[in-house]
Amino acid sequence: MSQIPFHFAEQYSTRRRTTTSQCIQINNFSSIKIHDSRDNYPPSCRNNPDPGTKLSRHRLWWQKSSFRTKLVALIIAVGILPVLTDKTLAQADDRLVPQFNAQAEARVDNPDLADSPTQLPVTLLIETVVASLLLIGLLTAFFANRAMRPAKSAVDAGEKPKLEPDESYSPLAILNSAALEKVDVSHQQIATIESAKIATEISLKFRQAQYLNELLKTATKEIRRALSADRVFVYQFNPDWSGNVVAESVLPGLPSCLKIKITDTYFSESNEGVEKYINGRICVTHDIYGGELTDCHIKLLEQFAIKAQMVAPITKNGQLFGLLIVNQCSEPRVWLPHEVELFSHLAKQVGVASEQVTFLEKQEADAERADLLTEITLRIQQAQFLEELLKTAVKEVRRAIKTDRVVVYGLDSSNWDGIVVAESVAPGWPQTLRVRIDDPCMREKYAEIYKQGHVTVIDDIYQAGRVEDCYRRLLEQFAVKANLVAPILKNNELLGLLIAHHCSEPRNWQQEEIDLFVQLATQIGFAIDRVSLMEEMETDEE
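Residue numbering for the sequence shown is 2 to 543, as defined by my numbering.
Now the structure itself:
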């Protein structure tokens, strides 16, 4: 049952006295009249509406009117009030002018009447205007308080106030949306500027590194800090496109990837992956379970608690050196555009800095190798006897290339059987001195190619396809994982072989190491020729 305003109910009560049930009927009738059309009314009500009906119409119009319409109507009504008052006073002045003139003449004749009130119309006008202004202020305060009442109630109840929609809501929402878009653009611009600043600072730190290991450690540490990631590491490729993690920065409590070797068929079985990364591919994974990763990749990432990651190539001198990888392990992560851009830029800077560092390292290494070659050559040439010469040679060569074992394998040119005549080996590895080896492969094909200066380079005896089973079993007896073999020649005659063994793990022999090794084998041949000549001269004198 809708409620009827007090004055409306009072009007009905004065016109007709009814019972309680009749009052309820009237109340129901007034409620229906607000919602139903006038066709539902009796003809008498439509043709001759009584004052109560007119009042209901006015009240219905007032209820349906918006707050703005009501406020404008009241302001107009109050604004007209001074005008009506002015007109009323003007008419009164017209009627009172003769009287005021008579009173003025009387005041001239009688000075005692000079102080009588003559400014009543003017005073009344001022008071009316002031009253109107006060009424406008009171009405404005009243409606403002009424408009704020829902917000106050919501605040008292601890809820967010609900604003009633009006005609200006849609344009306001559009303006707010545009403002929010501008704020988002502003935030993106700020993030981009901040990323550029961070990239400049980190790039300067890259340029300050003097060695490749130092550069990669700095890169993983600074990139993890810049991106607030859980782990960053560098995956370096081997010649067979397997790879090792050579640098890492990781939060405490997470598994480490350092020194782990991984063989990925995406790189080893085809050139597609290599070409894509050389061309600048950036792989962004927000969630390893929501992307296109294969099951084997997901299992590999799960071993290191990886939930999201980014992968960028590190290129050096136009070749794919490795991959820069950032991991998020706590939860999946949506990598933002400015983060991806920063990561890509820093990966390129790592490549540029690695080229610079490698060039400097190469110059320094070349100088060191030249000094080392000169030093070892002098020590070998100082030997007076062949046994002393060979012992010095294997010791200095092993120190120069930092390996586990170096031997001189002497050959009998009549049948190409051989024996280890000198050895320098690190503690903990089996010795091979005086071991005689019957190698049928040497007699059949290798003797001739070694005479031509052939050098054998094996990084991993289990991966190299040209390592025969019999030779692999021979190397396994002495715990060999990788080896270098260079001929020792005297006047174009094959005297033996200088052999280096790496036993702790497979080894990727660098070209600079191979060059130094071959040069030392050549110097050993010259020294043997010299010592042999000296021994022959001593024998002839005897």
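All C-beta atoms, glycine included, are put in the ideal place defined by N, C-alpha and C.
Computed from a predicted model, the values in this text were never measured in an experiment.
Return yes when at least one heavy atom of the ligand NAD lies under 7 Å from the C-beta of residue i, else no.
{"i": "glutamate 449", "result": "Among the components modelled here there is no ligand, and therefore nothing to report on the ligand NAD."}
What residues match up with residue i in a beta bridge as DSSP calls it?
{"i": "tyrosine 410", "result": "Val421, Leu498"}
{"i": "arginine 437", "result": "Ile420"}
{"i": "leucine 485", "result": "Val458, Ala501"}
{"i": "glutamine 310", "result": "Thr286, Asn328"}
{"i": "leucine 321", "result": "Thr316"}
{"i": "lysine 206", "result": "Per DSSP, none; premise fails for lysine 206."}
{"i": "lysine 491", "result": "Glu494"}
Looking only at its chain, what residues have a beta carbon closer than 7 Å to the beta carbon of residue i, apart from the 5 residues adjacent to it on each side?
{"i": "valine 285", "result": "Met311, Trp336, Val341"}
{"i": "alanine 306", "result": "Leu255, Pro256, Cys330"}
{"i": "glutamine 464", "result": "Asp241"}
{"i": "glutamate 513", "result": "Ala366, Arg370"}
{"i": "alanine 105", "result": "Since pLDDT at alanine 105 reaches only 47, below the 50 mark, its modelled position is unreliable, and the value read off the structure follows with that caveat. Once the five neighbours on either side are set aside, alanine 105 has no close Cβ partner at all."}
{"i": "leucine 259", "result": "Val246, Glu249"}
{"i": "glutamate 223", "result": "Ile203, Lys206"}
{"i": "threonine 523", "result": "none"}
{"i": "tyrosine 410", "result": "Gly419, Val421, Gly497, Leu498, Ile500"}
{"i": "arginine 474", "result": "none"}
{"i": "lysine 277", "result": "none"}
{"i": "glutamate 506", "result": "Lys482"}
On the three-state DSSP scale, how would you describe residue i?
{"i": "proline 338", "result": "helix"}
{"i": "valine 426", "result": "strand"}
{"i": "asparagine 328", "result": "strand"}
{"i": "threonine 404", "result": "coil"}
{"i": "tryptophan 524", "result": "Going by the sequence as given, residue 524 is glutamine instead of tryptophan. Of the three classes helix, strand and coil, the one that applies to glutamine 524 here is helix, per DSSP."}
{"i": "arginine 380", "result": "helix"}
{"i": "valine 398", "result": "helix"}
{"i": "phenylalanine 386", "result": "coil"}
{"i": "valine 351", "result": "helix"}
{"i": "histidine 512", "result": "A quick correction: the sequence has glutamine, not histidine, at residue 512. Note: glutamine 512 maps to helix in three-state DSSP."}
{"i": "serine 415", "result": "coil"}
{"i": "tyrosine 472", "result": "helix"}
{"i": "serine 345", "result": "helix"}
{"i": "arginine 444", "result": "helix"}
{"i": "serine 229", "result": "coil"}
{"i": "valine 532", "result": "helix"}
Please go through the same chain and pick out, in chain order, the residues whose beta-carbon is closer than 8 Å to the beta-carbon of residue i, but skip the five residues on each side of it.
{"i": "lysine 218", "result": "Ala248, Ser250"}
{"i": "arginine 531", "result": "Gln382"}
{"i": "lysine 571", "result": "Since the first residue shown for the chain is 2 and the last is 543, residue 571 is missing from the structure and cannot be characterised."}
{"i": "alanine 210", "result": "Leu216, Thr219, Ala354, Val358"}
{"i": "leucine 387", "result": "Ile529, Val532, Ser533, Glu536"}
{"i": "asparagine 492", "result": "Asp530"}
{"i": "histidine 287", "result": "Ala309, Pro333, Arg334, Val335, Trp336"}
Can you name, in chain order, every residue of its own chain whose Cβ lies under 6 Å from the Cβ of residue i, other than the five neighbours on each side?
{"i": "cysteine 46", "result": "Note that cysteine 46 scores a pLDDT of 36, beneath 50, so its modelled location is shaky; the value from the coordinates is reported in the next line. Excluding positions up to five away in sequence, the list is empty."}
{"i": "leucine 490", "result": "Gly526"}
{"i": "lysine 452", "result": "Leu495"}
{"i": "leucine 476", "result": "Ile462"}
{"i": "lysine 55", "result": "Model confidence at lysine 55 stands at a pLDDT of 47, short of 50, so the residue's coordinates are unreliable; what they give is reported in the following sentence. Closer than 6 Å at the Cβ level, and outside the excluded window around lysine 55, lies no residue."}
Compare the beta carbon distance of residue i and residue j with 8 Å and say whether it is the shorter of the two.
{"i": "serine 243", "j": "isoleucine 261", "result": "no"}
{"i": "serine 204", "j": "glutamine 350", "result": "yes"}
{"i": "proline 431", "j": "alanine 480", "result": "yes"}
{"i": "valine 395", "j": "glutamate 424", "result": "yes"}
{"i": "leucine 495", "j": "serine 414", "result": "yes"}
{"i": "valine 456", "j": "valine 408", "result": "no"}
{"i": "tyrosine 472", "j": "cysteine 504", "result": "no"}
{"i": "asparagine 239", "j": "asparagine 509", "result": "yes"}
{"i": "leucine 228", "j": "phenylalanine 344", "result": "yes"}
{"i": "glycine 497", "j": "leucine 379", "result": "no"}
{"i": "valine 426", "j": "arginine 435", "result": "no"}
{"i": "alanine 528", "j": "leucine 373", "result": "no"}
{"i": "tyrosine 267", "j": "isoleucine 326", "result": "no"}
{"i": "leucine 213", "j": "glutamate 362", "result": "yes"}
{"i": "alanine 200", "j": "histidine 339", "result": "no"}
{"i": "lysine 482", "j": "isoleucine 462", "result": "yes"}
{"i": "glycine 281", "j": "proline 314", "result": "yes"}
{"i": "isoleucine 283", "j": "leucine 302", "result": "no"}
{"i": "aspartate 265", "j": "asparagine 328", "result": "no"}
{"i": "proline 333", "j": "lysine 300", "result": "no"}
{"i": "glycine 466", "j": "proline 488", "result": "no"}
Determine, using beta carbons only, whether residue i comes closer than 8 Å to chain E.
{"i": "asparagine 509", "result": "Of the protein chains in this structure there is only one, and it is not chain E."}
Completely contained beta strand (DSSP E) runs for the region 232 to 304, where each covers 3 or more residues: Here the runs fully enclosed are 232 to 238, 243 to 251, 262 to 264, 284 to 286.
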